[in-house]
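Under the UniProt record's numbering, the first residue of the sequence shown is numbered 1, with each subsequent residue one higher.
Where a beta carbon is used, it is the ideal one built from N, C-alpha and C, also for glycine.
Read through the structure below, which is laid out as structure tokens, and then see the notes.
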Amino acid sequence: MKALIHKTQLQKPYKWGMDIYTFNGKNIIGWRGFKNFFSVWFYNGVFLKDPYKVLVNASEGKTKFLRQWRFTDSSQFDEKKVLEYIEESIQTIKDGKILPRDKNNTIDAQGICLATVS
């Protein structure tokens with residue numbers, strides 16, 4: 001993953017003692033190994049097209065925007081595909097797609113926060 005990250009525009013600030021990478025100060029991706037799988041998560045994953053149908057909501061009903069890509073075997077890791085998802089995640093930030101902090105915010109079809117609903 002670290003070699004892959006060096007091919008992108010991401011920066012690594014110190015956050016939560018984990019590998020978290022940002023673009024323009026916005027969280028883009030993180031990763032971690034678990035007992036039965038390795039996971040790459042995309043903080044703005046809800047905005048990704050997911051052409052390979054690999055993203056899952058890790059905490060259905062709790063997580064609104066974060067999506068995970070889980071690998072149970074190293075042979076499943078396709079650097080080209082993961083890089084596509086990272087680049088698309090960076091593009092969502094460039095396009096102004098943001099994660100609303102307030103439950104009452106509305107989001108348009110392109111994922112851009114419009115306004116707070118009264």
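- Counting only runs of 3 or more residues that sit fully inside the UniProt domain "YdhG-like" (3-90), the beta strand (DSSP E) segments are 19-23, 26-33, 38-42, 67-71, in chain order.
- Nearest in C-alpha terms to F42, of all of P51, Y21, Q9, is Y21.
- Fewer than three beta-carbon pairs drawn from the region 51-70 and the region 7-24 are found closer than 8 Å, and the two stretches are therefore not classed as touching.
- Taking the Cβ atoms as the reference, F71 lies roughly 10 Å from F34, outside the contact range of under 8 Å.
- Sequence-distant partners of Q9 (beyond 5 residues in either direction) whose C-beta falls short of 7 Å from its own C-beta, in its chain, are F23, I90.
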